[in-house]
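Undergrad:
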Amino acid sequence: MKRDKNLSEAWLSFNQLDYEKATRNLKSALDSAPSAEGHALLALCLIPQNRILAARVEAQRGVAEDRRSAFCHYAAAAASEAGKHYDAARRHIELALELEPQTSAYQIASLRLDRLQQGSDILEPLKTLLSERPNDLAVIYALAECYCDSSEWEQAYLYAGRALRLEATSQRALMLMARVCIQLHKYDEARGHIFWVLGANKDNAEAMELLSQIETRDKPVWRGFRMFYKKLQYHGFDALVLAYSVLIFFAVAFGLTSPELFGVSESQSIDKRPFVIAFGGLVAPLVFYGAMGHFCKRKEKCWIEKLTPLI
Numbered sequence: 035m036k037r038d039k040n041l042s043e044a045w046l047s048f049n050q051l052d053y054e055k056a057t058r059n060l061k062s063a064l065d066s067a068p069s070a071e072g073h074a075l076l077a078l079c080l081i082p083q084n085r086i087l088a089a090r091v092e093a094q095r096g097v098a099e100d101r102r103s104a105f106c107h108y109a110a111a112a113a114s115e116a117g118k119h120y121d122a123a124r125r126h127i128e129l130a131l132e133l134e135p136q137t138s139a140y141q142i143a144s145l146r147l148d149r150l151q152q153g154s155d156i157l158e159p160l161k162t163l164l165s166e167r168p169n170d171l172a173v174i175y176a177l178a179e180c181y182c183d184s185s186e187w188e189q190a191y192l193y194a195g196r197a198l199r200l201e202a203t204s205q206r207a208l209m210l211m212a213r214v215c216i217q218l219h220k221y222d223e224a225r226g227h228i229f230w231v232l233g234a235n236k237d238n239a240e241a242m243e244l245l246s247q248i249e250t251r252d253k254p255v256w257r258g259f260r261m262f263y264k265k266l267q268y269h270g271f272d273a274l275v276l277a278y279s280v281l282i283f284f285a286v287a288f289g290l291t292s293p294e295l296f297g298v299s300e301s302q303s304i305d306k307r308p309f310v311i312a313f314g315g316l317v318a319p320l321v322f323y324g325a326m327g328h329f330c331k332r333k334e335k336c337w338i339e340k341l342t343p344l345i
């Protein structure tokens with residue numbers, strides 16, 4: 035039987051994390067042709083929108099339509115878990131596993147309930163699952179999210195990267211990687227992933243929220259410094275960073291401590307010299323790199339490319 039067009043579009047929107055559009059498509063699909071799959075998918079779309087009661091109602095409708103559908107029981111378990119009805123969630127997920135015992139999404143849901151109800155450590159079971167199915171995205175996502183929950187961001191970054199390598203355009207993988215990158219202060223990389231998501235769905239509220247977080251955390255001076263430093267790295271001039279630091283340190287220290295320059299007595303300049311040197315050595319390079327980074331960002335060629343014939 036051919037799947038309803040609205041239902042197919044709803045699945046596409048769901049996979050792109052556009053839950054509002056998926057909800058609209060599903061309501062149209064259910065009005066024309068009610069189905070257990072449609073009700074179950076609608077429940078999964080309502081959960082991220084914090085419409086938990088409506089999600090439970092839709093999930094129960096799906097189960098009533100087809101009690102032999104593992105997907106319907108899975109949706110009912112997810113809705114019950116979101117509403118903190120863990121016993122009901124357990125019953126549904128056990129029924130789903132009876133019907134389809136090898137489906138990793140259902141096994142992960144069961145493990146997640148173990149952690150919520152009993153405080154079980156689920157990392158080892160998930161790693162065992164991954165060793166059996168190395169390219170199973172559901173398991174990789176689950177591991178990455180576990181590491182996020184425990185604030186082990188470096189490990190989460192590794193698994194999010196693994197998911198991206200397997201499915202480079204996956205909205206879920208891109209959003210996961212963006213969240214992890216923000217925690218690791220890799221703001222430029224996070225922006226790149228978010229822009230990919232917004233390219234597919236410009237109304238993605240979660241992506242816009244992450245972008246605003248980056249703008250709040252990533253100050254312009256630091257961003258300019260980082261852009262300039264990356265420009266140097268790209269052209270193989272890592273040593274120049276140290277060279278500029280030494281040059282600016284001595285130039286500023288000498289200039290600011292010169293009595294003739296400011297018309298002060300030598301004794302006064304000597305008293306202030308340690309503080310001025312510290313200021314010149316620490317602050318001046320930061321301002322220099324920040325200013326040059328902003329300059330490079332707005333120009334097609336960095337100023338150093340024009341001055342250095344070796345590039």
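Numbering (the numbering used here) for the sequence shown: 35 to 345. C-beta: ideal position from N, C-alpha, C; glycine also.
(1) Could you tell me which of GLY72, ALA67 and PRO68 sits nearest to PHE48, measuring between CA atoms?
(2) Is the Cβ-Cβ distance between ASN40 and ASN59 less than 9 Å?
(3) What's the call for GLY96, buried or exposed, on a 16-neighbour Cβ count within 10 Å?
(4) State the start and end residues of the unbroken alpha helix (DSSP H) segment that holds ALA112.
(5) Look at HIS227 and MET242 and say whether their C-beta atoms are less than 9 Å apart.
(6) Applying the 10 Å Cβ sphere with the 16-neighbour rule, what's the burial state of ALA44?
(7) Count the other C-beta atoms from every protein chain shown that fall within 10 angstroms of the C-beta of ALA67, then say buried if there are 16 or more, exposed otherwise.
(8) Excluding the 5 residues preceding and the 5 following ALA207 in the sequence, name in chain order all residues of the same chain whose CB lies nearer than 7 Å to its CB.
(9) Between the Cα of PHE105 and the Cα atoms of LEU78, TYR120, ALA116 and GLY117, which residue gives the shortest distance?
(10) According to the Cβ coordinates, are THR57 and LEU80 closer than 9 Å?
(11) So, helix, strand or coil for GLU71, using DSSP?
(12) Excluding sequence positions up to five away, which residues of its chain have a Cβ less than 6 Å from the Cβ of GLU54?
(13) Within this structure, are the beta carbons of TYR108 and ALA139 separated by less than 9 Å?
(14) Would you identify the three-state DSSP class for PRO135, choosing helix, strand or coil?
(15) When you compare the CB positions of ALA355 and ALA122, do they come within less than 9 Å of one another, or not?
(16) Closest to VAL214 by C-alpha separation, out of ASN235, ALA176, SER154 and GLU188, would be which residue?
(17) Roughly how far, in whole angstroms, is the beta-carbon of ALA63 from the beta-carbon of GLU99, given that I think they are within contact range, below 8 Å?
(18) Please state the DSSP three-state secondary structure of LYS39.
(19) Could you check whether LEU147 and ARG124 sit closer than 9 Å to each other, using their CB atoms as the reference points?
(20) Apart from the five residues just before and just after LEU133, which ones in its own chain have a Cβ nearer than 6 Å to its Cβ?
(21) I'd like the span of the alpha helix (DSSP H) that includes GLY226, first residue to last.
(22) To the nearest whole angstrom, what separates the beta carbons of ALA172 and TYR181, a pair I think is in contact under 8 Å?
(23) Once you ignore the five residues that flank SER114 on each side, which residues in its own chain have a CB closer than 6 Å to its CB?
(24) In chain order, what residues of the same chain have a beta carbon less than 8 Å from the beta carbon of SER348, not counting five sequence neighbours either side?
(25) Leaving out five residues before and five after ILE304 in sequence, what residues of the same chain have Cβ atoms less than 6 Å from its Cβ?
(26) Going by DSSP in three states, ALA202 sits in which element: helix, strand or coil?
TA: Taking the structure as given:
(1) Working through the sequence shown from its first residue, we reach residue 48 at position 14. Among GLY72, ALA67 and PRO68, the Cα nearest to that of PHE48 is on GLY72.
(2) Position 6 of the sequence shown, counted from the start, is the residue given in the question as residue 40. Position 25 of the sequence shown, counted from the start, is the residue given in the question as residue 59. Yes, these two residues count as a Cβ contact at 9 Å.
(3) On the sequence shown, position 62 is the one that residue 96 refers to. Of the other Cβ atoms in all chains shown, 16 or more fall within 10 Å of the Cβ of GLY96; this residue is therefore buried.
(4) Translated into positions along the sequence shown, residue 112 becomes position 78. Looking at the DSSP string, the run of the alpha helix (DSSP H) that includes ALA112 is 104-116.
(5) Looking up residue 227 in the sequence shown gives position 193. Looking up residue 242 in the sequence shown gives position 208. Not closer than 9 Å, so no.
(6) The residue labelled residue 44 in the question sits at position 10 within the sequence shown. Under the 10 Å beta carbon count, ALA44 is surrounded by 16 or more other beta carbons and is classified as buried.
(7) For the purposes of this step, residue 67 is identified with residue 33 of the sequence shown, where counting begins at 1. Within 10 angstroms of the beta-carbon of ALA67 lie fewer than 16 other beta-carbons, which makes it exposed.
(8) For the purposes of this step, residue 207 is taken as residue 173 along the sequence shown, with counting starting at 1. The residues are ALA194, ALA197, LEU198 and GLU201.
(9) Within the sequence shown, the letter at position 71 stands for residue 105. For the residues LEU78, TYR120, ALA116 and GLY117, the minimum Cα distance to PHE105 belongs to LEU78.
(10) For the purposes of this step, residue 57 is taken as the residue at position 23 of the sequence shown. For the purposes of this step, residue 80 is taken as the residue at position 46 of the sequence shown. In contact: THR57 and LEU80 (Cβ atoms closer than 9 Å).
(11) Translated into the one-based positions of the sequence shown, residue 71 becomes position 37. Here GLU71 sits in helix by DSSP.
(12) The sequence position of residue 54 within the sequence shown is 20, counting from 1. Hits under 6 Å: none found.
(13) The residue you call residue 108 lines up with position 74 of the sequence shown. The residue you call residue 139 lines up with position 105 of the sequence shown. A contact, by the Cβ cut-off of 9 Å.
(14) As a working note, residue 135 is residue 101 in the sequence shown. PRO135: coil per DSSP, three-state reduction.
(15) This structure does not reach residue 355, given that the chain is present from 35 up to 345, and the question cannot be answered.
(16) Working through the sequence shown from its first residue, we reach residue 214 at position 180. Of the candidates ASN235, ALA176, SER154 and GLU188, the one whose C-alpha sits nearest the C-alpha of VAL214 is GLU188.
(17) As a working note, residue 63 is residue 29 in the sequence shown. As a working note, residue 99 is residue 65 in the sequence shown. About 13 Å; that fails the 8 Å criterion.
(18) Taking the first residue of the sequence shown as 1, we reach residue 39 at position 5. The three-state secondary structure of LYS39, taken from DSSP, is helix.
(19) Mapped onto the sequence shown, residue 124 falls at position 90. Mapped onto the sequence shown, residue 147 falls at position 113. Contact check for ARG124 against LEU147 passes: the beta carbons are separated by less than 9 Å.
(20) For the purposes of this step, residue 133 is taken as the residue at position 99 of the sequence shown. A distance below 6 Å between beta-carbons, with the five flanking residues on each side excluded, links LEU133 to the following residues of its chain, in chain order: ALA104.
(21) Numbered from its first residue, the sequence shown carries residue 226 at position 192. Boundaries of the alpha helix (DSSP H) around GLY226: 221-234.
(22) Position 138 of the sequence shown, counting from 1, holds the residue named residue 172. Position 147 of the sequence shown, counting from 1, holds the residue named residue 181. Going by Cβ atoms, the distance from ALA172 to TYR181 rounds to 16 Å, so no, they are not a contact pair.
(23) Taking the sequence shown and counting its residues from 1, the one referred to as residue 114 is at position 80. Same-chain partners within the cutoff: ALA122 and ALA123.
(24) For the chain, the structure presents residues 35 to 345; residue 348 sits outside this window and is missing.
(25) In the sequence shown, counting from the first residue as 1, residue 304 sits at position 270. Confidence at ILE304 is low in this model, with a pLDDT of 49, below 50, so its placement is unreliable and the value that follows should be read with caution. Leaving aside the five residues that flank ILE304 on each side, none in its chain has a CB nearer than 6 Å to its CB.
(26) Counting from one through the sequence shown, the residue named residue 202 turns up at place 168. The answer is coil: DSSP assigns ALA202 none of H, G, I, E or B.
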